[in-house]
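Here is the structure we will look at.
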Amino acid sequence: MTDHQYKGQRSTFRITYQYRNGLVGPTATKGSEVVKDDTYPFFQNVRNGIISDIRNYPRKKDFYEIFLGNLAEGTLADYPQLSWIRIKVDVPACASVRTARFATVFAEQ
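Residue numbers for the sequence shown, in numbering that gives the first Met the number 0: 0 to 108.
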């Protein structure tokens, strides 16, 4: 549940990304450990970072395209090993908005 735009809103996020070519070495983590540009990040750390960013997004009234764009840019900034990311959200109809919606963004670096 994201509570984005409407309290109790349940949305489904589909995230696809691609690693840059030439990555080597062991996994790295986000946080206190420096993530090197040439090291594969562990996919679970990327996932957990995205989930945290979704849950803690400060401007709940942003349009989904702005929300997803900021999420994509933030993820690329956190993980320079990614060459691109695509984020799609499916937003089901609810009492306040009786039409299901979706948005997709693509960002690359």
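Glycine is no exception: its CB is placed at the ideal position from the N, C-alpha and C atoms.
Collapsed DSSP secondary structure at residue i in the structure displayed
| i | result |
| --- | --- |
| residue 78 | coil |
| residue 66 | helix |
| residue 17 | strand |
Buried versus exposed call for residue i [16 or more other C-beta atoms within 10 Å across all chains shown]
| i | result |
| --- | --- |
| residue 74 | buried |
| residue 99 | exposed |
| residue 49 | buried |
Contact check, residue i vs residue j, beta carbons under 9 Å
| i | j | result |
| --- | --- | --- |
| residue 14 | residue 58 | no |
| residue 79 | residue 10 | no |
| residue 62 | residue 94 | no |
| residue 84 | residue 39 | no |
Nonlocal neighbours in the same chain, by C-beta distance under 6 Å from residue i, ignoring five residues either side
| i | result |
| --- | --- |
| residue 104 | 67, 68, 71 and 86 |
| residue 108 | 75 |
| residue 12 | 88 |
| residue 19 | 80 and 82 |
Cut-off 8 Å between Cβ atoms - residues of its own chain near residue i, not counting five sequence neighbours on either side
| i | result |
| --- | --- |
| residue 64 | 102 and 104 |
| residue 52 | 70, 73 and 74 |
DSSP bridge partner residues for residue i (one or two, in chain order)
| i | result |
| --- | --- |
| residue 110 | Nothing in the structure corresponds to residue 110, since the chain is present only between 0 and 108. |
| residue 90 | 100 |
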